[in-house]
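> Counting from 1 along the sequence shown, just add 158 to a position and that's the residue number in the numbering used here.
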Amino acid sequence: MVNCIVSDCDKSMQGSGIYLSGGVNTFDSCEFRNLKHAVGDYHEAGAAMYVAGANKVILENCKFEGNGAFVAQNHRDAPGGSAIYSANAPIIASGCRFVGNVERTEKHTDFRSAGCVTVNGNCGGSAFTNCLWLGNCGTYSDASKVGTSTNAAAVVVNLSSASSTVDFANCTFAYNMSNSALSPTGILILKGKGNAVNSIFTGAVTGAYSRVANQVYVNKGSSMTLDYCMFDAEGDYGAAEGGTVTASNIMYADPRLVYSRDDFATGGNVDLGNGIYKLDGSGIASVLANANAHLRGGSGYTDENTGLVMRGYRRDASPAIDAGKPGYDYSLEPMPNGRRVNLGFYGNTPWATMSDRRGMKIIIR
159 MVNCIVSDCD KSMQGSGIYL SGGVNTFDSC EFRNLKHAVG DYHEAGAAMY VAGANKVILE
219 NCKFEGNGAF VAQNHRDAPG GSAIYSANAP IIASGCRFVG NVERTEKHTD FRSAGCVTVN
279 GNCGGSAFTN CLWLGNCGTY SDASKVGTST NAAAVVVNLS SASSTVDFAN CTFAYNMSNS
339 ALSPTGILIL KGKGNAVNSI FTGAVTGAYS RVANQVYVNK GSSMTLDYCM FDAEGDYGAA
399 EGGTVTASNI MYADPRLVYS RDDFATGGNV DLGNGIYKLD GSGIASVLAN ANAHLRGGSG
459 YTDENTGLVM RGYRRDASPA IDAGKPGYDY SLEPMPNGRR VNLGFYGNTP WATMSDRRGM
519 KIIIR
């Protein structure tokens, strides 16, 4: 599928938008909006896309906005996947936006794998490159019903083998929300091995019932490698006893996205104490439609929608500019680029924020 829009389906079914089974499936520049998979007391997996079994699913420059379950009641053993649930098929995604997708339920004590993206079973080899998760929510609306086995995150990894891998490169996780037990806001590794490089994790919104690290959490027997990533603070990643996080070259700083956490929090649309929205899917998608995950920088960036160079942050430049792993490809970034890749969603793309010009010295003899 190329340049297609799938939207506004409200059914309690697997894959309210797209149901896939078999073959290699490719989606290029498609949009999935306001697709719901929970009505009343019923909830199925994968609101925008359910992958029952396939050789591979390839997503290029796709948008998933305002999908999921918005206050569904009395869920069964709910598998989640407000945007995508894949059972036994690797997901290869590049340049994709996952914005304002929600898993929110009441009166159930065993809400499982409520990821915006859930990769389950034989999904080893999944890879996400230059992807954005912003303002996604996995939580209970009745916090008193939170159970010890509940889990949610922007991405939930639950693979068939602890040695199977999911890779993240130049991704941004910003202002995602959760308020249940085993629920970071960014990446949850239930089973398998995750690898993240040149990525940003910022602005987590967690409620009182969140019990693990804010951004990345690894279950017993599984592992996560973080290299040249940026977090707001120490303690934003962690592991259960018997789980492992290997972190190197970590920066702790505000990445200074153009759309800030204050921008996200204002307007009365978010209950920050409980980590939930006060809106439904179409309302959330509308509020976040212009959420801008570019890095601030004095030399500016080229807007991918208008083609205009946007400047104005010379005194508020992001520390994520030119902060990526040395030797990593930066060839698609415009000049001046510091000869080093930026962190996050736009790193090594034509829309990367440019490096500050260092000036020059002219010698006249």
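Positions of the beta carbon are idealized from the N, C-alpha and C atoms, including for glycine.
1) CA-CA distance, residue 251 and residue 326?
2) With the cut-off set at 8 Å, would you say residue 348 and residue 314 are in Cβ contact?
3) If we count the other Cβ atoms within 10 Å of its Cβ and call it buried at 16 or more, is residue 413 buried or exposed?
4) Can you tell me which of 387, 405 and 400 puts its alpha carbon nearest to the alpha carbon of residue 378?
5) For residue 210, name the three-state secondary structure that DSSP assigns.
6) Residue 289 and residue 503 - do their beta-carbons sit closer together than 8 Å?
7) Tell me whether residue 503 sits in a helix, a strand or coil according to DSSP, three-state version.
8) Locate the alpha helix (DSSP H) running through residue 487, then write down its first and last residues.
9) Within the same chain, show all residues whose beta-carbon is closer than 6 Å to that of residue 501, passing over the 5 residues directly before and after it, in chain order.
10) Taking 6 Å as the limit between beta carbons, can you name the residues of its chain near residue 449, skipping five residues before and five after?
11) Could you spell out where the alpha helix (DSSP H) holding residue 514 opens and where it closes?
12) With DSSP collapsed to three states, give me the class of residue 423.
13) Taking the C-alpha atoms as reference points, what is the distance between residue 168 and residue 350?
14) Nearest-angstrom Cα distance between residue 442 and residue 247?
15) Go ahead and pull the three-state DSSP assignment for residue 250.
16) Could you tell me whether the Cβ atoms of residue 453 and residue 415 are closer together than 8 Å?
17) Look at residue 205 and residue 194 and say whether their C-beta atoms are less than 8 Å apart.
18) Using 10 angstroms around the beta-carbon of residue 177, count the other beta-carbons present and answer buried if the total reaches 16, otherwise exposed.
19) Provide the residue span of the beta strand (DSSP E) that contains residue 244, from first to last.
20) Using a threshold of 8 Å, state whether the C-beta atoms of residue 185 and residue 175 are closer than that.
21) If you count every other CB in all the chains shown that lies within 10 Å of the CB of residue 181, and 16 or more means buried, which is it?
Taking the coordinates as given:
1) Rounded to whole angstroms, residue 251 and residue 326 show a C-alpha spacing of 10 Å.
2) Annotated as proximal: residue 348 and residue 314, with beta-carbon spacing under 8 Å.
3) Buried: at least 16 other Cβ atoms inside 10 Å.
4) With distances taken between Cα atoms, residue 378 lies closest to 400.
5) The three-state secondary structure of residue 210, taken from DSSP, is strand.
6) In this structure, residue 503 lies near residue 289, with their beta-carbon atoms less than 8 Å apart.
7) Here residue 503 sits in coil by DSSP.
8) Run containing residue 487: none; DSSP gives neither H nor E here.
9) The answer, listed in chain order, is 356, 358, 388, 478, 481 and 482.
10) Excluding residues up to 5 positions away in sequence, 292 and 417 lie with their Cβ nearer than 6 Å to the Cβ of residue 449 in the same chain.
11) Counting along the chain, residue 514 falls outside any alpha helix (DSSP H), and DSSP gives it neither H nor E.
12) Looking at residue 423 - three-state DSSP - the assignment turns out to be helix.
13) Separation of residue 168 and residue 350 (C-alpha to C-alpha, rounded to the nearest whole angstrom) is 33 Å.
14) About 29 Å.
15) If DSSP states are grouped into helix, strand and coil, residue 250 belongs with the strands.
16) Yes. Within cutoff.
17) Yes, the pair counts as a contact, with Cβ atoms nearer than the cut-off.
18) Burial is judged here by how many other beta carbons sit within 10 angstroms of a residue's own beta carbon; residue 177 has fewer than 16 and is exposed.
19) Unbroken beta strand (DSSP E) run through residue 244: 242-245.
20) Taking C-beta atoms as the reference points, residue 185 and residue 175 fail to come closer than 8 Å.
21) With fewer than 16 Cβ atoms within 10 Å of its Cβ, residue 181 is classed as exposed.
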